[in-house]
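**Q** Offset between the sequence shown (1-based) and this note's numbering: plus 2. For glycine and all other residues, C-beta sits at the position ideal for the given N, C-alpha and C. One structure is given below, represented as structure tokens, and several questions about it will come after.
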Amino acid sequence: MSTDAPVALVTGASRGAGRGIARALGSHGCKVYVTGRSISRSETKNGTIQATADEVTAAGGRGIAVQCDHGDGEAVAALFAQIEHDEGRLDILVNNACAIQDALTEPGTFWEKPISLGRMIDVGVKSSYEASWHAAQIMVRQGSGLIAFTSAPGAVHYCLGPAYGAHKAGLDKLAADMAVDLDGTGVSAVSIWMGALATERLLGMIEADPVKYGHLADALETPDFTGHAIWALFNDPELKQLSGQAVIGAEMATRYGFTDANGKIPSSARDTHKVAPRENYKIIVR
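Here's what the structure looks like:
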């Protein structure tokens, strides 16, 4: 790797998991590009990419906010062109952007909810594919890099409906198949299962319906936790052995010896839900 500060891109980083991941990478000294659609507080009541970039810098790295709608292919291409022009490299891509809507957690079957929930497959799976395509152009040329996807146990069990499930399962499969093509290039692709996150959205859900969601309160991971997992993976000299796998963030903490902010390692979905990432067959058809 370069002796300069590693360059990372975290998509969908105005709030939630992306914000925490970017902040964590900043604490390890990374230069982090953070993307999202909202750059100023006047545009949204929620978080902004500029606020995230400021937190990255405060944590010890350097945060750079770039407004980007990951549903817009031209905007995404321009983003990567900017990174390549300004940095000449990209070490870590974190595919986190997703079109989450409040209706996702409301009661009802998929046909009773807005059809627009299906945009999670567009700004989620499709956008992650496109970002990875651009990142691979840079990383393969430099002979190194990590493409990470933020996934969850909903990839293998029903959770919040078929759009969410297809999104998470799709990310795991992108990592698996991209790793086949990336074999021998020095670039790895890994999907990371996050646990229940202490994000603004989930904390609000717990407060609004403690009967339904209150059991999650004692099992939450900080949004930063996955960022530390990504950093540990990036620095693993044996990372290629994990390329193509969906891994559980809590198990990566045990593997690499780090904890969450409370000094503890969260429980693994393998223990709490008795589920594990699917294994891909070794068959390759070209």
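(1) Are there 16 or more other CB atoms within 10 angstroms of the CB of T261, so buried, or fewer, so exposed?
(2) Where does D273 land, buried or exposed, given buried means 16+ other C-beta within 10 angstroms?
(3) Going by the beta-carbon positions, is the gap between A49 and S129 smaller than 8 Å?
(4) Excluding five sequence neighbours on each side, which residues of the same chain lie with their C-beta closer than 7 Å to the C-beta of L81?
(5) Give me the Cα-Cα distance between S44 and D56, rounded to the nearest whole angstrom.
(6) Can the beta-carbon of G20 be found closer than 8 Å to that of V12?
(7) Pick out whichever of A133, G120, L95 has its Cα sitting closest to the Cα of E76.
(8) Taking the straight line between their C-alpha atoms, what separation do you get for H87 and S16?
(9) I'd like to check one pair, A271 with I250: are the Cβ atoms closer than 8 Å?
(10) Which whole-angstrom value is the C-beta distance of G65 and S29, which I expect to be below 8 Å?
(11) Assuming contact is defined by CB atoms lying nearer than 8 Å, are R91 and V142 in contact in what I supplied?
(12) Using three-state DSSP, classify I194 as helix, strand or coil.
(13) What three-state label does DSSP hand T1 in the structure shown?
(14) Give me the DSSP bridge partner(s) of V96.
(15) Just to confirm the assignment, what range does the beta strand (DSSP E) spanning I66 have?
(16) Which of the three DSSP states is assigned to L199 in this structure?
(17) Quick check on this structure: which residue in L176, M254, A248 has the alpha carbon closest to the alpha carbon of D238?
(18) Which term fits Y160, buried or exposed, when burial requires 16 or more other beta carbons within 10 angstroms of its beta carbon?
(19) Between which two residues does the beta strand (DSSP E) harbouring A248 extend?
(20) Out of K175, I102, Y258, state which residue places its alpha-carbon closest to the alpha-carbon of M246.
(21) Rounded to a whole number of angstroms, what is the C-alpha to C-alpha distance between G14 and Y35?
(22) With burial defined as no fewer than 16 other Cβ atoms inside 10 Å of the residue's Cβ, what is the status of S118: buried or exposed?
(23) Taking just the CA atoms, how far does I94 sit from G22?
(24) Note the first and the last residue of the continuous alpha helix (DSSP H) segment covering R21.
(25) Looking at V189: is its Cβ nearer than 8 Å to the Cβ of A138?
(26) With C-beta atoms as the reference, is A178 less than 8 Å away from L184?
(27) My output table needs one value for E114: the three-state DSSP class, helix, strand or coil.
(28) Which one or two residues does DSSP pair with E223 in a beta bridge?
(29) Hey, quick one: how far does the alpha helix (DSSP H) through D174 stretch, first residue to last?
**A** If we stick to the structure as given:
(1) exposed
(2) exposed
(3) Rather than Ala, the amino acid found at residue 49 in this sequence is Gly. No.
(4) T37, V68, C70
(5) Residue placement at S44 cannot be trusted, given a pLDDT of 47 that sits under 50; what the coordinates show is reported in the next sentence. When rounded, the distance between both Cα atoms is 17 Å.
(6) yes
(7) A133
(8) 24 Å
(9) yes
(10) Not a contact, Cβ separation roughly 11 Å.
(11) no
(12) strand
(13) Because the chain here runs from 3 to 288, residue 1 falls outside it and cannot be looked at.
(14) V12, A150
(15) 64-69
(16) strand
(17) M254
(18) exposed
(19) 248-250
(20) Per the sequence shown, residue 246 should be read as Gly rather than Met. It is K175.
(21) 11 Å
(22) exposed
(23) 15 Å
(24) 18-29
(25) yes
(26) no
(27) helix
(28) L199
(29) 164-184
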